[in-house]
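Notes follow the structure.
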Amino acid sequence: AIFKSGKLDEDSIEELEDALLEADIGVSIVDDLIEKLKDEFANRKKDKNLSPAEILKSHLITILNNRHHTGTESCQVLTPNTTRFSHKPWVILLVGVNGSGKTTTAGKLAYYYGLQGKKSVIAACDTFRAAAVEQIEVWAQRGGARLVKQKSGADPASVAYDAYKSTQARSEDLLIVDTAGRLQSKRNLMEELGKVARVLRKHDPTAPHEVLLVIDATTGQNGLSQARGFTSVAGGTGLIITKLDGTARGGVVVPIQSELGLPVEFIGLGEGVDDLHPFDAKVFVNAIFE
Amino acid sequence: QLTDRFEKFVRNLRGQGKLTEKNVQDTVRQVRRIMLEADVSLPAAKAFVKTIQEKSLGQDVLKSITPGQQMVKIIHDELAAFLGGQAEPIRFGKSPSTILMVGLNGAGKTTTCAKLALHLKRSGRQPLLVAADTKRPAAIEQLVLLGKQLDIPVFTSDDKNPVRIAKDARKHAQKESLDCIIIDSAGRMHVDGELMDELKRLQSIANPPETLLVVDGMTGQDAVRSAKAFSERIDITGLILTKLDGDARGGAALSIRWITDKPIKFVGVGEKPADLDAFHPDRMAGRILG
Ligand SMILES: Nc1nc2c(ncn2[C@@H]2O[C@H](COP(=O)(O)OP(=O)(O)OP(=O)(O)O)[C@@H](O)[C@H]2O)c(=O)[nH]1
Ligand SMILES: Nc1nc2c(ncn2[C@@H]2O[C@H](COP(=O)(O)OP(=O)(O)OP(=O)(O)O)[C@@H](O)[C@H]2O)c(=O)[nH]1
Ligand SMILES: [Mg+2]
Ligand SMILES: [Mg+2]
């Protein structure tokens with residue numbers, strides 16, 4: 004209710020600031036937002052009835068909806084001119100730290116695009132973690148996708164290579180490449196990931212068409228370090244925030260988009276195969292001020 | 138470095154006899170900023186800063202070090218104290234004694250169960266791992282494989298009810314003369330009423346002297362919310378912080394310790410079974426302060 008208030012005094016500023024900070028937006032961005040808010044509020048037209056919360060929301064939505072930012076050299080965001088599935092197979096590479104929700108999301112993506120009539124293939128490129136292949140076998144089945152796998156310990160790049168070749172040969176629409184979780188500070192693991200991306204590029208210079216960093220909504224500012232690290236080895240086109248069905252707000256996507264221009268493409272709202280939804284900036288921002 | 142940052146803020150303290158309210162003010166604002174950048178939850182950061190303020194006021198500026206250095210020492214020592222004393226050992230009751238592992242999805246519970254089992258085996262115990270996650274695809278296979286690698290027995294059952302599994306596992310441990318039971322539970326959201334009820338039933342039947350909340354080391358603001366919810370619903374006796382082999386600052390350590398007042402017993406520092414360290418509050422303090 005405080006957020007409906009039209010005034011901007013020291014108490015309400017602190018309340019708004021706290022909401023932004025507790026959403027994991029990060030001190031620097033929050034400082035900028037509050038400064039902008041104070042300016043804008045002081046200079047607002049008398050007829051404009053926008054509350055301070057509404058002003059903040061509109062600034063956040065502007066940042067989050069910015070798809071024209073071409074990011075950095077390593078981040079090529081899907082612009083309105085690039086249509087998904089303009090290449091066959093359309094290749095999505097899922098990357099991210101341990102436990103963020105990549106494998107689950109691979110199944111969800113296959114299901115999501117399956118509803119749009121797309122034939123999906125999942126490449127089981129986590130050849131390292133215990134029972135990773137057994138886990139993704141279930142998710143491929145749930146998502147209605149064909150699974151390409153090799154035995155545990157195989158080279159992930161070789162699985163990606165096989166998957167691409169067979170998907171292309173069978174003229175299937177979508178190849179989703181699931182990779183092992185890894186911390187961005189581990190150089191050898193990051194190089195392994197770079198190799199997977201390169202192998203896909205060998206087949207099709209435009210592939211992978213999407214490189215989606217899967218981030219747990221509970222992640223703090225380390226999410227920014229993750230985004231920098233992963234995009235520098237594998238490139239980056241967007242984010243998927245998972246576990247938004249909890250109490251975490253996933254605000255770290257704001258500094259990520261602000262610095263790297265990576266937009267959120269999807270959100271995960273549960274453990275079911277249909278718990279994947281296209282990103283809606285308005286809904287996301289409203290939740291911050293709930 | 139931290140000292141340089143504080144030197145900037147406390148330069149005006151030189152030549153002054155005491156740390157006064159006014160000159161501590163700016164410094165503690167900077168402390169709060171550092172805490173937030175390190176992903177300490179806002180309420181925990183506020184509480185900590187208040188303590189620093191009280192501790193700093195009226196202290197004589199020592200002749201031998203600069204006021205900035207002195208502030209850093211107060212902050213570091215206070216943070217280490219907040220994080221708790223040296224790591225407390227695992228609590229055991231009469232044999233077979235149970236340890237219940239709980240936490241959010243993907244925090245690292247299953248991997249940590251294996252690590253803990255290895256740690257206990259090396260200290261002369263006979264652990265039994267219990268695969269009580271009947272929900273996640275291949276969760277049972279994951280624990281079975283880890284147990285096989287370590288030559289540690291794993292109890293599995295076709296039963297879908299984790300409470301019954303815990304009952305049967307206890308009988309099995311008694312029959313096999315195993316002296317401790319480590320129960321791997323399914324990841325769950327603290328806002329999922331049904332799953333939290335299930336956990337409450339599981340704890341009441343398993344009656345563990347030790348219930349460990351496993352928390353991802355890169356958790357941001359949500360750390361206080363989720364730890365609070367778990368500790369209000371069930372009886373948490375200790376905490377484990379995982380994935381600290383990455384570059385996350387780990388402010389969640391302060392958040393979860395502050396809100397639960399329970400000891401952090403171990404930290405996860407890698408994906409292998411041997412990657413479990415005792416918690417060192419002093420080291421954690423240095424890491425959080427950056
Ligand atoms: N509640 C909830 N749980 C999720 C969501 N996405 C994934 N999970 C759960 O998070 C846990 C980890 O998911 P995984 O798919 O294994 O994560 P991962 O990134 O593949 O993990 P690694 O391969 O080990 O790095 C599982 O318990 C999933 O069910 C989500 O949107 N909501
Ligand atoms: N680098 C690193 N990875 C870890 C650590 N602990 C666990 N992991 C990894 O984190 C991911 C998730 O671990 P799990 O043990 O499956 O997590 P969980 O809590 O059992 O997940 P759910 O059962 O789905 O809730 C896996 O990829 C693990 O290898 C750690 O200390 N460091
Ligand atoms: Mg996975
Ligand atoms: Mg598990």
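Protein chains in written order, with our numbering: chain A, 4 to 293; chain B, 138 to 427.
A virtual CB, placed ideally from N, CA and C, is assigned to each residue, including glycine.
Rounded separation between residue i and residue j - CA only
{"i": "His213/B", "j": "Arg307/B", "result": "44 Å"}
{"i": "Asp207/A", "j": "Leu266/B", "result": "46 Å"}
{"i": "Lys39/A", "j": "Val404/B", "result": "41 Å"}
{"i": "Asp316/B", "j": "Pro264/B", "result": "6 Å"}
{"i": "Asp288/B", "j": "Leu280/B", "result": "12 Å"}
{"i": "Thr222/A", "j": "Phe292/A", "result": "19 Å"}
{"i": "Gln206/B", "j": "Gly240/B", "result": "39 Å"}
{"i": "Lys111/A", "j": "Lys272/B", "result": "17 Å"}
{"i": "Glu278/B", "j": "Thr247/B", "result": "11 Å"}
{"i": "Ala269/B", "j": "Asp359/B", "result": "26 Å"}
{"i": "Ile37/A", "j": "Arg228/B", "result": "48 Å"}
{"i": "Thr293/B", "j": "Gly407/B", "result": "26 Å"}
{"i": "Leu391/B", "j": "Gly102/A", "result": "22 Å"}
{"i": "Ile189/B", "j": "Arg424/B", "result": "18 Å"}
{"i": "Pro281/A", "j": "Leu23/A", "result": "23 Å"}
{"i": "Gly354/B", "j": "Arg47/A", "result": "43 Å"}
{"i": "Val286/A", "j": "Asp305/B", "result": "46 Å"}
{"i": "Lys91/A", "j": "Leu253/B", "result": "47 Å"}
{"i": "Asp176/B", "j": "His309/B", "result": "43 Å"}
CB contact flag (residue i, residue j, <9 Å)
{"i": "Ile95/A", "j": "Val214/A", "result": "yes"}
{"i": "Val378/B", "j": "Val361/B", "result": "Here residue 378/B turns out to be Leu, not Val, going by the sequence shown. It is not a contact, given that the beta carbons lie outside the stated cut-off."}
{"i": "Arg70/A", "j": "Pro266/A", "result": "yes"}
{"i": "Thr107/A", "j": "Ala135/A", "result": "no"}
{"i": "Ser228/A", "j": "Ala385/B", "result": "yes"}
{"i": "Val217/A", "j": "Pro274/B", "result": "no"}
{"i": "Ala244/B", "j": "Trp395/B", "result": "no"}
{"i": "His256/B", "j": "Leu381/B", "result": "no"}
{"i": "Asp248/A", "j": "Gly226/A", "result": "no"}
{"i": "Glu347/B", "j": "Ser178/B", "result": "no"}
{"i": "Lys323/B", "j": "Pro290/B", "result": "Here residue 323/B is Ala; the residue named in the question, Lys, does not match the sequence. No. Outside cutoff."}
{"i": "Ala220/A", "j": "Lys246/A", "result": "yes"}
{"i": "Gly197/A", "j": "Asp129/A", "result": "no"}
{"i": "Ala178/A", "j": "Ala126/A", "result": "Position check: residue 178/A holds Leu in this sequence, whereas Ala was assumed. Contact: yes."}
{"i": "Ser161/A", "j": "Val202/A", "result": "yes"}
Under 9 Å by beta carbon: chain A residues contacting residue i
{"i": "Glu447/B", "result": "Outside the displayed range of chain B (138 to 427) lies residue 447/B, so it cannot be described from this structure."}
{"i": "Ser363/B", "result": "Thr221, Gly249, Thr250, Ala251"}
{"i": "Asp288/B", "result": "By Cβ distance, chain A contributes nothing, its closest Cβ being about 15 Å from Asp288/B, past 9 Å."}
Listed by chain order, chain B residues near residue i by CB distance under 8 Å
{"i": "Gly241/A", "result": "Those do not exist, as Gly241/A stays about 20 Å from chain B at its closest Cβ, beyond 8 Å."}
{"i": "Glu18/A", "result": "Neighbours of Glu18/A on chain B: none; closest Cβ ~12 Å, over 8 Å."}
{"i": "Val255/A", "result": "Gly357"}
{"i": "Leu186/A", "result": "Lys380, Asp382, Gly383, Asp384"}
{"i": "Asn101/A", "result": "Gly243, Gly245, Lys380, Glu408"}
Contact set between residue i and chain A, taken where Cβ atoms lie within less than 7 Å
{"i": "Asn242/B", "result": "Lys246"}
{"i": "Leu173/B", "result": "Leu24, Val30"}
{"i": "Asp295/B", "result": "Within chain A, no residue comes near Asp295/B; the closest Cβ sits about 16 Å away, beyond 7 Å."}
Pick from the options that is closest to residue i, judged by C-alpha positions
{"i": "Ala303/B", "options": "Lys258/B, Asp288/B, Ala244/B, Met238/B", "result": "Met238/B"}
{"i": "Ala343/B", "options": "Thr271/B, Lys365/B, Ile318/B", "result": "Ile318/B"}
{"i": "Ala109/A", "options": "Thr130/A, Ala143/A, Asn191/A", "result": "Ala143/A"}
{"i": "Gly99/A", "options": "Leu186/A, Asn289/A, Ile259/A", "result": "Leu186/A"}
{"i": "Pro55/A", "options": "Ile16/A, Val255/A, Arg201/A", "result": "Ile16/A"}
{"i": "Asp398/B", "options": "Phe292/B, Gly407/B, Ile373/B, Met421/B", "result": "Ile373/B"}
{"i": "Thr240/A", "options": "Gln260/A, Glu274/A, Arg252/A", "result": "Gln260/A"}
{"i": "Glu195/A", "options": "Ile270/A, Pro159/A, Ser169/A", "result": "Pro159/A"}
{"i": "Val161/B", "options": "Pro233/B, Ala251/B, Ser232/B, Val186/B", "result": "Val186/B"}
{"i": "Tyr116/A", "options": "Val33/A, Ala148/A, Arg190/A", "result": "Ala148/A"}
{"i": "Ile371/B", "options": "Thr356/B, Gly388/B, Gly387/B, Gln340/B", "result": "Gln340/B"}
{"i": "Gly232/A", "options": "Glu25/A, Glu268/A, Met193/A, Arg173/A", "result": "Met193/A"}
{"i": "Leu150/A", "options": "Ala157/A, Ile139/A, Gly156/A", "result": "Ile139/A"}
Neighbour list for residue i in chain B, Cβ cutoff strictly below 7 Å
{"i": "Asp21/A", "result": "Leu179"}
{"i": "Ala133/A", "result": "Gln279, Leu282, Leu283"}
{"i": "Ser261/A", "result": "What Ser261/A touches in chain B: nothing, since even the nearest Cβ is about 16 Å away."}
{"i": "Val141/A", "result": "Pro274, Ala275"}
Inter-residue CB distance, residue i and residue j (contact presumed, cutoff 8 Å)
{"i": "Lys121/A", "j": "Asp176/A", "result": "4 Å"}
{"i": "Pro345/B", "j": "Leu376/B", "result": "At roughly 15 Å, the Cβ-Cβ gap does not stay under 8 Å, so Pro345/B and Leu376/B are not in contact."}
{"i": "Tyr167/A", "j": "Val276/A", "result": "In fact, because the Cβ distance is near 24 Å, the residues do not count as touching under 8 Å."}
Within chain A, the residues that residue i reaches when beta carbons sit closer than 8 Å
{"i": "Val328/B", "result": "Asp248, Gly249, Thr250"}
{"i": "Arg170/B", "result": "Val30"}
Beta-carbon neighbours of residue i, restricted to chain B and to distances below 9 Å
{"i": "Gln138/A", "result": "Arg273, Pro274, Ala275, Ala276, Glu278, Gln279"}
Check your understanding: Taking any heavy atom of ligand 6 as the mark, which residues have a C-beta closer than 5 Å to it, listed down the chain?
Key -> For ligand 6, the structure offers nothing, since it holds only ligand 1, ligand 2, ligand 3 and ligand 4.
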